[in-house]
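Written below as structure tokens is the structure these notes are about.
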Amino acid sequence: MEFQKHTVLLLCLIVAFLSFAVPLFGQEANLRFVVEEKLAKAEVYRDGKKTTGIRLEEVCDVDNDVVAARVFRDYGAIFIAAPEVRFPVKCVFAGDSEVQMYQSTANPVTKNVGGTSITLQEPAMNALLEAVDEARKKNLRISPRGGSIAAARSYQDTVDLWYSRFNPGLGHWTGLGKIPRRDADAVRGWGIQKQVAKVLEWEAKGWYFSTDFSKSILYSVAAPGASQHLFMVALDVEQFASKPVREILARHGWFQTVKSDLPHFTYLGLDESQLPARGLKPVFVGGQKFWIPNLD
Ligand SMILES: [Zn+2]
Numbered sequence: 008m009e010f011q012k013h014t015v016l017l018l019c020l021i022v023a024f025l026s027f028a029v030p031l032f033g034q035e036a037n038l039r040f041v042v043e044e045k046l047a048k049a050e051v052y053r054d055g056k057k058t059t060g061i062r063l064e065e066v067c068d069v070d071n072d073v074v075a076a077r078v079f080r081d082y083g084a085i086f087i088a089a090p091e092v093r094f095p096v097k098c099v100f101a102g103d104s105e106v107q108m109y110q111s112t113a114n115p116v117t118k119n120v121g122g123t124s125i126t127l128q129e130p131a132m133n134a135l136l137e138a139v140d141e142a143r144k145k146n147l148r149i150s151p152r153g154g155s156i157a158a159a160r161s162y163q164d165t166v167d168l169w170y171s172r173f174n175p176g177l178g179h180w181t182g183l184g185k186i187p188r189r190d191a192d193a194v195r196g197w198g199i200q201k202q203v204a205k206v207l208e209w210e211a212k213g214w215y216f217s218t219d220f221s222k223s224i225l226y227s228v229a230a231p232g233a234s235q236h237l238f239m240v241a242l243d244v245e246q247f248a249s250k251p252v253r254e255i256l257a258r259h260g261w262f263q264t265v266k267s268d269l270p271h272f273t274y275l276g277l278d279e280s281q282l283p284a285r286g287l288k289p290v291f292v293g294g295q296k297f298w299i300p301n302l303d
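Residues 8 to 303 in the numbering used here are what the sequence shown lists, from first letter to last.
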């Protein structure tokens, strides 16, 4: 009898939670399915003919390319941004000309924000300026962190940032005798995409390449050609530690979407309640909420 009472109570609690949670969070979805569905409806020109449908592997080959898979898992949130954001045509740009081609057609706008000149896609910039305004009325500030590269970056910026972690990491792990010097020298001479794959292989053994060698290099800098900053919908924010600032940014469609990259915000142009149905899930790190790809 006692057991039954507890069971009934538990069921009531579950029902109460679900009836509260479901309307609040909506349906959960897997990011891959959401993106595949979106791509299937996209109109493209092939050999001069207009057709419908792009396969995910054409944009981000998550099944065959270890770097693409990792990039999709870590930075994939941009693929579900609101329709006014220019859709990412690739998850990893191969070089400078591809980046320039994308950026020139993505309606970039440059403004002075908090004393720093930054460039973003127009809807992202408009939403940011509204957030800055709302913050100002509450005696808060929202400003770019680390100069102009806080927002849009060039391909070369992502290459420079990569080497600012890659070289010290290589020095650290050869110094400790983990990576043989001849291996390190060989990898230094490789193309950058191959280097990324090799670093991920080393990190799988626990030899991390972030600034303090405690976590993955990708929590510290993006793989070259893969940064959300290249898509001009990312901003590193000086006041990221302030909860009211994070809440204001979220109200204007700016969310933290790269787990453990604390100052990094992404413009999705969506209401927070829409995110689970678009394939993102919330995780908390250090009291901050990140909306990351749901690929389970
Ligand atoms: Zn960033």
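The beta-carbon is built from N, C-alpha and C at its ideal position, and this holds for glycine as well.
Buried or exposed by the 16-neighbour rule on C-beta atoms within 10 Å, applied to residue i
| i | result |
| --- | --- |
| L183 | exposed |
| L31 | Reliability fails at L31, whose pLDDT of 46 lies under 50, so the model's placement of it is uncertain and no value is given. |
| N301 | buried |
| P231 | buried |
| G153 | exposed |
| D243 | buried |
| D39 | Correcting the residue identity first, residue 39 is Arg in this sequence and not Asp. It counts as buried. |
| Q235 | buried |
| T59 | exposed |
| A241 | buried |
| Y52 | exposed |
| G83 | buried |
| M132 | buried |
For residue i, three-class secondary structure by DSSP
| i | result |
| --- | --- |
| V69 | coil |
| N37 | coil |
| V74 | helix |
| K222 | coil |
| I85 | helix |
| K48 | helix |
| V116 | strand |
| R93 | coil |
| F2 | Since the first residue shown for the chain is 8 and the last is 303, residue 2 is missing from the structure and cannot be characterised. |
| D303 | coil |
| R62 | coil |
6 Å CB neighbourhood of residue i in its chain, flanking five on each side removed
| i | result |
| --- | --- |
| L177 | A191 |
| E129 | N114, V116 |
| C67 | A75, F79, C98 |
| R62 | none |
| D103 | Y162 |
| W180 | I186, W214 |
| L269 | F247 |
Contacting residues, own chain, Cβ-Cβ under 7 Å from residue i (five flanking each side not counted)
| i | result |
| --- | --- |
| S217 | R172, S223, I224, Y226, S227 |
| A142 | R148, I149, V252, I255 |
| L168 | V228 |
| A134 | H259, G260, W261, Y274, G276 |
| A28 | Its pLDDT being 44, under 50, A28 is placed unreliably in this model, and the value from its coordinates should be taken loosely. Nothing listed; no residue qualifies. |
Close Cβ partners of residue i (< 8 Å) along its chain, the five nearest in sequence each way excluded
| i | result |
| --- | --- |
| L277 | I87, A88, A89, G260, R285 |
| E64 | D70, N71 |
Margin query: I'd like to know if the stretch 166-186 and the stretch 198-206 are in contact, where contact means that at least 3 CB-CB pairs between them fall below 8 Å.
Written below: yes
Quiz prompt | 3 or more residues per run - each beta strand (DSSP E) lying fully within the stretch 242-294 | solution = 271-274, 287-292
Practice item. Could you name each continuous alpha helix (DSSP H) segment of 4 residues or more that falls completely within the stretch 120-189, going from the start of the chain to the end? Key: 129-144, 162-182
| request: Tell me the start and end of each unbroken alpha helix (DSSP H) in the stretch 187-215 that is at least 4 residues and wholly inside, in chain order. | output: 188-195, 199-210
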